[in-house]
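Novice: Numbering (the UniProt record's numbering), first residue to last: 1 to 330.
C-beta: ideal position from N, C-alpha, C; glycine also.
This is the structure I want to talk about, given as structure tokens.
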């Protein structure tokens, strides 16, 4: 069974991917309850941390019920990254994860995230310096390469391992692909099958059914799956995958009452953590998936995603339960 440093994980663990404005404490708590084995924070700017930017500092909030939890940081300037490691370490996470995979232009343009895939030597030297600067296990999340012509992930992963990286999560796309096309897991399997690799290799990208998670495990032989978009507004995904692994059968989808209850808890936890305005705004992206596939639902969805006060959103939840309470999800 895989280990990250001294953290023992179950066979083929499921990891909640770090997602900006998604994997905050309320959502991580819901995913943990539904079977996520490791959760990661939203990615945090090293420059924001060292400048004490309120939004970056707030993302350091972690809670005992989340463990093991990793805090993910990004940046490309050594001094800033090392200082941010000290700040992160003081928050008491179990893991420090480095983001070398974010494809967003505002991150890449600064040479951070997937931008560092243009400079593998810097990627390796930054990792090595951070490993030496903390007692916590350091892990990396990255992509296959900058573009199709520069995929050297087998070599890159080996070099990262050699400087002390304790696990690597690989998204099966290049930066050039962004999130288009299909994720290619074959190069990730090549990393895992490299006889010199001994750290866990986790796959990421397009794991949106229990069958795909099983394929990643059985066909590609990876050590675990990092789940991203499939979990947004659907924290039950982790539980469904584990049930499928155990029984070969699909769990019945959550009922309308279970979905409304989860959505209410999610919104209330978000408000408790970040206040009414941000809590209402940043939870909106989940509602489409919480209530996916319901016919004639537009009126209620619009109320959920356009209301600026929580009372109106909670009212919409109650209306949904009253009107669609008997709806059976496929």
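Using DSSP with H/G/I as helix, E/B as strand and the rest coil, what is residue 163?
Specialist: Mapped onto the chain shown, residue 163 falls at position 163. Note: residue 163 maps to coil in three-state DSSP.
Novice: Can you tell me where the beta strand (DSSP E) with residue 268 in it begins and where it stops?
Specialist: Along the chain shown, read from residue 1 onward, the residue named residue 268 stands at position 268. Where residue 268 is concerned, there is no enclosing beta strand (DSSP E), although the alpha helix (DSSP H) it sits in stretches over 256 to 274.
Novice: Where residue 251 and residue 53 are concerned, what is the direct C-alpha to C-alpha distance, given to the nearest angstrom?
Specialist: Walking along the chain shown from the start, residue 251 turns up at place 251. Walking along the chain shown from the start, residue 53 turns up at place 53. Going by the C-alpha atoms only, they are around 43 Å apart.
Novice: Need the endpoints of the beta strand (DSSP E) that residue 296 sits in, please.
Specialist: Sequence index remark: in the chain shown, residue 296 carries index 296 (1-based). Where residue 296 is concerned, there is no enclosing beta strand (DSSP E), given that its DSSP letter is neither H nor E.
Novice: Alpha carbon to alpha carbon, how far is residue 234 from residue 305? Give it in angstroms, no decimals.
Specialist: Within the chain shown, residue 305 is the residue found at index 305, counting from 1. Within the chain shown, residue 234 is the residue found at index 234, counting from 1. Roughly 17 Å between the two C-alpha positions.
Novice: Is it buried or exposed, residue 51, if we count other Cβ atoms within 10 angstroms and call 16 or more buried?
Specialist: To locate residue 51, count along the chain shown from 1; it is residue 51. Exposed is the call here.
Novice: In this structure, how does DSSP classify residue 74 when only helix, strand and coil are distinguished?
Specialist: The sequence position of residue 74 within the chain shown is 74, counting from 1. Strand, per DSSP.
Novice: Confirm, please, whether the CB-CB distance from residue 101 to residue 92 is below 8 Å.
Specialist: Here residue 92 refers to the residue found at position 92 of the chain shown. Here residue 101 refers to the residue found at position 101 of the chain shown. Contact: no.
Novice: Is the Cβ-Cβ distance between residue 28 and residue 16 less than 8 Å?
Specialist: In the chain shown, residue 28 corresponds to position 28, counting from 1. In the chain shown, residue 16 corresponds to position 16, counting from 1. Cβ distance < 8 Å, so residue 28 and residue 16 count as in contact.
Novice: Going by the DSSP bridge assignment, what does residue 204 pair with across the sheet?
Specialist: Here residue 204 corresponds to residue number 204 of the chain shown, with the count starting at 1. Residue 204 is bridged to 171 and 226.
Novice: In whole angstroms, give me the CA-to-CA distance for residue 327 and residue 266.
Specialist: In the chain shown, the residue the question calls residue 327 occupies position 327. In the chain shown, the residue the question calls residue 266 occupies position 266. Straight-line Cα distance between these residues: approximately 21 Å.
Novice: To which residues does DSSP link residue 38 through a beta bridge?
Specialist: The residue labelled residue 38 in the question sits at position 38 within the chain shown. Per DSSP, 15.
Novice: Leaving out five residues before and five after residue 85 in sequence, what residues of the same chain have Cβ atoms less than 6 Å from its Cβ?
Specialist: To locate residue 85, count along the chain shown from 1; it is residue 85. Cβ neighbours of residue 85 beyond the five flanking positions: 130, 133 and 134.
Novice: Near residue 59, what residues of its chain come up, given a Cβ to Cβ distance below 7 Å and the 5 sequence neighbours on each side ignored?
Specialist: By 1-based counting over the chain shown, the position of residue 59 is 59. Excluding positions up to five away in sequence, the list reads 41, 42 and 44.
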